[in-house]
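Residues in the sequence shown are numbered from 390 upward in steps of one, following this note's numbering.
Here a beta-carbon is modelled for each residue, glycine too, at the ideal position from N, C-alpha and C.
Values in this document were obtained by computation on a predicted structure and should not be read as measured data.
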Amino acid sequence: MSFKYESIEELVSYSKEAEGKYLIDIDTKDIIGKTNKGSVGAVIEQSYFGYSANSKAEADFADVGIELKTTGVIRQKRGTIAAKERLVLNIINYMDEVGRDFATSSFWSKNNKLLIFFYTYVRDSNGKPDYSKFQILKTILHEFSEKDLEIIRQDWDLIHNKIKLGLAHELSEGDTQILGACTKGASKKSMREQPFSSIPAKQRAYSLKQGYMTALVKQYIDHEKLIPITNVKELKYKTVEEIIKEKFAQYIGKTELEIIKLLNLKESNAKNNAQLLTSGILGITGTKLDKIEEFSKLNIKFKTVTYEKTGILKESMSFENLNFQDIYLNDWETSELKMKFESTQFLFVIFQKNNENQKVLKGVKLWNVPLTILDNEIREVYVEVKKLLADGIVEWKEGNRYRNNLPKSGFNGVCHIRPKGQNRVKSMIVLPNGQELPNQAFWFNAKFIKELTLDIL
390 MSFKYESIEE
400 LVSYSKEAEG
410 KYLIDIDTKD
420 IIGKTNKGSV
430 GAVIEQSYFG
440 YSANSKAEAD
450 FADVGIELKT
460 TGVIRQKRGT
470 IAAKERLVLN
480 IINYMDEVGR
490 DFATSSFWSK
500 NNKLLIFFYT
510 YVRDSNGKPD
520 YSKFQILKTI
530 LHEFSEKDLE
540 IIRQDWDLIH
550 NKIKLGLAHE
560 LSEGDTQILG
570 ACTKGASKKS
580 MREQPFSSIP
590 AKQRAYSLKQ
600 GYMTALVKQY
610 IDHEKLIPIT
620 NVKELKYKTV
630 EEIIKEKFAQ
640 YIGKTELEII
650 KLLNLKESNA
660 KNNAQLLTSG
670 ILGITGTKLD
680 KIEEFSKLNI
690 KFKTVTYEKT
700 GILKESMSFE
710 NLNFQDIYLN
720 DWETSELKMK
730 FESTQFLFVI
740 FQKNNENQKV
750 LKGVKLWNVP
760 LTILDNEIRE
770 VYVEVKKLLA
780 DGIVEWKEGN
790 RYRNNLPKSG
800 FNGVCHIRPK
810 GQNRVKSMIV
820 LPNGQELPNQ
830 AFWFNAKFIK
840 ELTLDIL
């Protein structure tokens, strides 16, 4: 029997009764254990609300315009909680969407009010989802703020314009800020017809990016207050990138010390000095960048790039340690690494040392990984690491240094794998294939970063 409700309030109230319950206790129809990826949503939809599965064009609770969604929450190593992944919405029918505007778009018609069930995502000892331990943490009715909507409209316009130009095959999640167009389908073979081009385009769905979903987790579950650097009025005629560049413009050409004095900051040699400098320039002194609303929701990650006075860039750019378990279990299309790089924007803050060895601010650049790099060089590294996990990674000692056959900087000229300065003994991990190896990080080559940022000098 399906759940009956008289109002939105009644629907939301019933949803909140699920908080604290485990999925296995809600699953009266024994849906858990099926291999379909949407099994959590199926349990909530079919067992909790008593509705059969569907792929309707309108919202799930169409009479009140509310779409039902479930999304996993993970606890990160540093103790904070985050969204496990993007929130996938409806499939984009390119042939139909091209004739619509934002107000009549399939995205807005179906998703303007979202009833979201946040649940803990837990893995078992084999790295598989442990559905019996999935617990409903929070249920909320989410309506987009006016400010978020300004950014989402910009995103929708960009997606829509590519469809109108016959470039749906060139869509990438990196194109946009909050509203993504993520690939949707079992493989690259899931293709769709597009207007104004004979080239088939990958099947894609509208999605809310992982950064935005993590911001919702912080807001609704951790009750964390994020600090804005923009407002609705500004966003009506400027992009977030333009606003950030304007804030930095007055400090370009000044040394770190000069900027510190102008901002009334304390001199420091701390590792996060550049981050504090950046938050000060953005007008929120002392705030970590992930506490900035726009950085959190748009998944903007801060990276410093420091050139020598001669124009040499010595340092490659490091990222988090690889999740070998994810690589071992998943193909590229569904991998954590792919989702990270297609949904993240990087704010490069670029310095160059002067004759006195002081760092001079040269400029900033907001950059996302283009599809050509994502689907080629980064994918190549991923596939190679996955192959080596299956075959066994080879490690040997040369003098006092250990070497291995993971992809190095000469592998494809863009990215490589190596540790980042940690103690070997303390960083040892057991790989999914049973081998022991120190933690390994993903890196962009220094030469590649120089190609991206040299124009700022």
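If you check the CB distance, Ile681 and Leu624 do not come in under 8 Å.
If you draw a 10 Å sphere on the C-beta of Asn744, you find fewer than 16 other C-beta atoms in it, and that means exposed. With a cutoff of 8 Å on beta-carbon distance, Leu687 and Gln734 are scored as near each other.
For Glu532, no alpha helix (DSSP H) segment is defined; the enclosing uninterrupted segment is the beta strand (DSSP E) at Ile525 to Glu532.
In the same chain as Leu778, and ignoring 5 residues on each side of it, the C-beta atoms closer than 8 Å to its own belong to Phe713, Ile716, Tyr717, Leu820, Pro821 and Asn822, in chain order. Collapsing the DSSP output to three states places Tyr483 in a helix.
Non-local beta-carbon contacts of Gly781 in its own chain, meaning distances under 8 Å to residues more than five positions away in sequence, involve Asn822 and Gln824 in chain order. In terms of Cα proximity to Glu769, the closest of Asp720, Ser521 and Glu787 is Asp720. Restricting attention to beta strand (DSSP E) runs no shorter than 3 residues, the stretch 781-832 encloses them at 784-787, 790-793, 804-807, 817-819 and 825-827, ordered along the chain. In the displayed model, Asn710 falls within a strand according to three-state DSSP.
Trp756 is bridged by DSSP to Phe735. Counting of Cβ neighbours within 10 angstroms places Asn765 among the exposed residues, the total staying below 16. The closest CA to that of Arg593, considering only Ile762, Leu476, Tyr510 and Ile618, is found on Leu476. Take the alpha-carbon of Glu773 and the one of Leu795: they are about 8 Å apart. In the three-state reduction of the DSSP assignment, Val606 falls in the helix class.
Here Glu745 carries a coil assignment [DSSP, helix/strand/coil]. Comparing alpha-carbon positions, the option among Trp497, Ser798, Ala492 and Gly555 lying closest to Phe585 turns out to be Gly555. Around Gly569, the same chain offers Glu562, Ser596 and Lys598 as residues with beta carbons nearer than 6 Å, after the five sequence neighbours per side are excluded.
Per the coordinates, the alpha-carbon of Phe837 lies some 34 Å from the alpha-carbon of Arg581.
C-alpha of Val453 to C-alpha of Leu560: approximately 32 Å in a straight line. Look at Phe585 here: in three-state DSSP terms it is coil, with no helix or strand label. Contact check for Ile480 against Lys573 passes: the beta carbons are separated by less than 8 Å.
Nearest Cα to Tyr626 within the set Val462, Gln543 and Ile670: Gln543.
For Glu539, the closest alpha carbon among the candidates Gly461, Phe730 and Val621 is that of Val621. With a contact defined as Cβ atoms closer than 8 Å, Ser707 and Lys809 qualify at about 5 Å.
Inter-segment contact for the stretch 494-510 and the stretch 630-648 is absent: fewer than three beta-carbon pairs are separated by less than 8 Å.
Of the candidates Asp611, Ser534 and Phe691, the residue whose Cα lies closest to the Cα of Gly468 is Asp611. In the structure shown, Phe392 adopts coil according to DSSP, grouped into three states.
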